[in-house]
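Here the structure comes first, spelled out in structure tokens, and everything after it is commentary.
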Amino acid sequence: MMEGGWPYVWGAYAFACAALAVLTLAVTLRLAHWSKRARGERRP
Amino acid sequence: MLTALANPARFMSYSAWAAPLCLFAALGLFAIGLPWALFLSPADYQQGETVRIMYLHVPAAWWSLGIYVFMGAASVIGLVWRHALADVAARAAAPIGATYAGICLATGSLWGAPTWGTWWEWDGRLTSMLVLFIVYLGYIALWNAVEEEEKAARLAAILCLAGLINIPIVHFSVDWWSTLHQPASILRAEGPSIHPSMLGPLFIMAGAFFLLFAALTMMNMRAAIYRRRIEAARLRGANA
């Protein structure tokens, strides 16, 4: 069995979690921005 | 039923609860899947601990292909039936597919370095996956480059459909060409070849990736519909 390997595993999980977190944050902020503007437009 | 659900007003109504539900379900599955994949699943008898990268790499690969097929189907519906939500859905899914393809490439590279002794190899599977990633980026760039939205939707749909040819190439590349990449070990006619103890965390992570895609696509679609409503109201105001 191959020994070690944990640094590669941690690197992969850190990269994937960071990418998914940034994606989720960007989509959430974009939705919040446009829904806020849409509410603002509806106000007289 | 699909036509009824794809009505923009009805979509806004059900996605208001479906998107957060999918997002929290995805977070729940990640909360189960990540510790299972990292600490509770067994090490591989050959690859040792590095096999744990599989629980990210494989779901990201599956869904980057699946999302592209979804975008292809939406593009056909948009081109042929001019459905109001089809182009919005295809555009909304693209950044998620691109991120998954990027995760697949990066984790594959981090897996290849210790097991193959190289970070990259220009073979059929890796190269076709890189092409898929570039097509995703091109699709997003095209939407942003063309100002007139209807024209952008048409051109992006044509690009998406042309890129569909790459999907079977990615999938069958390991059978068609000699490659460092292993052949299919889960989605194959004879059943999975990996140990059953590894299937649990793999399917949990695949479920989490899918639910995150569903949630983020719906959220992106909602943002696009809000934006279109604002622009339509402005146009009506300008014409009045």
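If you're matching them up, the sequences are chains A and B in order. So for the first sequence, numbering that gives the first Met the number 0 puts the first residue at 0; every next one is plus one. So for the second sequence, numbering that gives the first Met the number 0 puts the first residue at 0; every next one is plus one. From the three backbone atoms N, C-alpha and C, an ideal C-beta is built for every residue, glycine too.
field: Amino acids of chain A, ordered along the chain, whose beta-carbon sits closer than 8 Å to that of Leu-28(B)
entry: Taking the second sequence and counting its residues from 1, one reaches residue 28(B) at position 29. Those do not exist, as Leu-28(B) stays about 12 Å from chain A at its closest Cβ, beyond 8 Å.
query: Just checking my contact of Ser-63(B) with Cys-103(B) at CB under 8 Å: how many whole Å lie between their CB atoms?
result: The residue labelled residue 63(B) in the question sits at position 64 within the second sequence. The residue labelled residue 103(B) in the question sits at position 104 within the second sequence. Indeed they touch by this definition, with Cβ atoms about 6 Å apart.
- prompt: Taking Cβ positions, are Leu-211(B) and Ala-73(B) nearer each other than 8 Å?
  reply: Position 212 of the second sequence, counted from the first residue, corresponds to residue 211(B). Position 74 of the second sequence, counted from the first residue, corresponds to residue 73(B). Result no, Cβ atoms of Leu-211(B) and Ala-73(B) do not sit closer than 8 Å.
query: What do you get for Thr-117(B), buried or exposed, if any count of 16 or more other CB atoms within 10 angstroms of its CB means buried?
result: To locate residue 117(B), count along the second sequence from 1; it is residue 118. The residue is exposed, with fewer than 16 neighbouring Cβ atoms inside 10 Å.
message: If we define contact as Cβ-Cβ less than 8 Å, is Ala-18(A) a contact residue for chain B?
response: Against the first sequence, residue 18(A) aligns to sequence position 19. Yes, Ala-18(A) counts as interfacial toward chain B.
Interfacial residues, the stretch 49 to 61 of chain B to chain A, with Cβ spacing under 8 Å: Thr-49, Arg-51, Ile-52, Leu-55, His-56 and Ala-59
Chain A contacts made by the stretch 99 to 132 of chain B, where a contact means CB separation under 8 Å: Gly-101, Ile-102, Ala-105, Thr-106, Leu-109, Trp-110, Ala-112, Pro-113 and Thr-114
field: Residue nearest to Met-220(B) in terms of C-alpha spacing, selected from Ala-60(B), Asp-86(B) and Gln-46(B)
entry: Counted from its first residue, the second sequence places residue 220(B) at position 221. Nearest option by C-alpha distance: Asp-86(B).
- request: Consult DSSP for Asp-86(B) and reduce its assignment to one of helix, strand or coil.
  value: Counted from its first residue, the second sequence places residue 86(B) at position 87. Reduced to three states, the DSSP call for Asp-86(B) is helix.
- prompt: What's the C-alpha gap between Pro-200(B) and Leu-215(B)?
  reply: The count along the second sequence starts at 1 and reaches residue 200(B) at position 201. The count along the second sequence starts at 1 and reaches residue 215(B) at position 216. Answer to the nearest angstrom: the Cα atoms are 22 Å apart.
- prompt: If Ile-66(B) and Ile-95(B) are in contact, beta carbons under 8 Å, what's the gap, nearest whole angstrom?
  reply: What you label residue 66(B) is simply residue 67 of the second sequence in a count that begins at 1. What you label residue 95(B) is simply residue 96 of the second sequence in a count that begins at 1. Correct: roughly 6 Å between the Cβ atoms.
query: The alpha helix (DSSP H) spanning Gly-137(B) covers which residue range?
result: Stepping through the second sequence from its first residue, residue 137(B) is reached at position 138. Segment 123 to 144, the alpha helix (DSSP H) holding Gly-137(B).
Per DSSP, the bridge partner or partners of Gly-47(B): Within the second sequence, numbered from 1, the residue matching residue 47(B) stands at position 48. Asp-43(B), per the DSSP bridge assignment.
- request: Could you check what DSSP says for Ala-72(B) in three-state terms: helix, strand or coil?
  value: As a position in the second sequence, residue 72(B) is number 73, starting the count at 1. Helix at Ala-72(B).
query: Which value, in whole angstroms, describes the spacing of the CA atoms of Gln-46(B) and Leu-19(A)?
result: Sequence index remark: in the second sequence, residue 46(B) carries index 47 (1-based). Sequence index remark: in the first sequence, residue 19(A) carries index 20 (1-based). Whole-angstrom Cα-Cα distance: 26 Å.
- prompt: With respect to 7 Å, is the separation between the Cβ of Ala-223(B) and the closest non-hydrogen atom of the ligand GDP below this value?
  reply: The model depicted lacks the ligand GDP and carries no ligand whatsoever.
- prompt: Considering only residues of the stretch 160 to 228 of chain B, which uninterrupted alpha helix (DSSP H) runs meet the minimum length of 4 residues and lie entirely inside it, listed in chain order?
  reply: 165 to 175
- request: Classify Pro-6(A) as buried or exposed, calling it buried when 16 or more other Cβ atoms lie within 10 Å of its own Cβ.
  value: The residue labelled residue 6(A) in the question sits at position 7 within the first sequence. Exposed: under 16 other Cβ atoms inside 10 Å.
- prompt: Based on Cα-Cα distance, which residue from Phe-171(B), Ile-52(B), Ala-155(B) and Ala-83(B) lies nearest to Gly-123(B)?
  reply: Translated into the one-based positions of the second sequence, residue 123(B) becomes position 124. Of the candidates Phe-171(B), Ile-52(B), Ala-155(B) and Ala-83(B), the one whose C-alpha sits nearest the C-alpha of Gly-123(B) is Phe-171(B).
- prompt: At a cut of 8 Å, does the stretch 178 to 186 of chain B reach the stretch 143 to 157 of chain B through at least three beta carbon pairs?
  reply: no
query: Roughly how many angstroms separate the alpha carbons of Cys-159(B) and Val-134(B), rounded to a whole number?
result: In the second sequence, the residue the question calls residue 159(B) occupies position 160. In the second sequence, the residue the question calls residue 134(B) occupies position 135. In a straight line, the C-alpha of Cys-159(B) is about 8 Å away from that of Val-134(B).
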